[in-house]
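*Asks:* The structure that follows is given in the form of structure tokens.
Numbering (the working numbering), first residue to last: 1 to 120.
Structure below.
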């Protein structure tokens, strides 16, 4: 696989996972509208791997279809907008994801250090 040599390949893989995790994190705070979800994910990523709006919305659709997220339409300043929140299944999933990230982060740090030391 030639594309594995390029950072863009790895950024896409990481982006998909982080997008989902940060999306769950924002929804876990309580009902939130779509624009705020996008902004929260961008803020959480701090520019390292900002997901596209298409990625966020396709993830939201998948989570809604799976019963992890519920939404309703609300009027705000004369405009309709979708407000979403986690279901109990979504809350369970967020906690499960956090436990996995907690286990993975130290090993990821060690492996990154190893890779970068070997390059220098």
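Backbone N, C-alpha and C define an ideal beta-carbon position, used for all residues, glycine too.
Rounded to whole angstroms, what's the CA-CA distance from residue 97 to residue 104? Just pull it up for me.
*Replies:* If you number the chain shown from 1, residue 97 lands on position 97. If you number the chain shown from 1, residue 104 lands on position 104. Computed Cα separation, rounded: 10 Å.
*Asks:* For my contact list, residue 27 and residue 101 are in at a C-beta cut-off of 8 Å; report their separation, rounded to the angstrom.
*Replies:* For the purposes of this step, residue 27 is taken as residue 27 along the chain shown, with counting starting at 1. For the purposes of this step, residue 101 is taken as residue 101 along the chain shown, with counting starting at 1. 16 Å between Cβ atoms; not a contact.
*Asks:* Considering only their Cβ atoms, is the gap separating residue 75 from residue 83 smaller than 8 Å?
*Replies:* For the purposes of this step, residue 83 is taken as residue 83 along the chain shown, with counting starting at 1. For the purposes of this step, residue 75 is taken as residue 75 along the chain shown, with counting starting at 1. No.
*Asks:* Pull up the CB-CB distance for residue 51 and residue 71, whole angstroms please, since I reckon it's below 8 Å.
*Replies:* Residue mapping note: residue 51 aligns to position 51 of the chain shown, counting from 1. Residue mapping note: residue 71 aligns to position 71 of the chain shown, counting from 1. With a beta-carbon spacing of about 19 Å, residue 51 and residue 71 fall beyond the 8 Å limit used to define contacts.
*Asks:* Quick check on this structure: which residue in 13, 77 and 23 has the alpha carbon closest to the alpha carbon of residue 57?
*Replies:* Translated into positions along the chain shown, residue 57 becomes position 57. When only C-alpha atoms are compared, the closest one is 23.
*Asks:* Taking 8 Å as the threshold (C-beta atoms), are residue 77 and residue 34 in contact?
*Replies:* As a working note, residue 34 is residue 34 in the chain shown. As a working note, residue 77 is residue 77 in the chain shown. Not in contact: residue 34 and residue 77 (Cβ atoms no closer than 8 Å).
*Asks:* So is residue 32 buried or exposed if we call it buried at 16+ other beta carbons inside 10 Å?
*Replies:* For this step, residue 32 is matched to residue 32 along the chain shown. It counts as buried.
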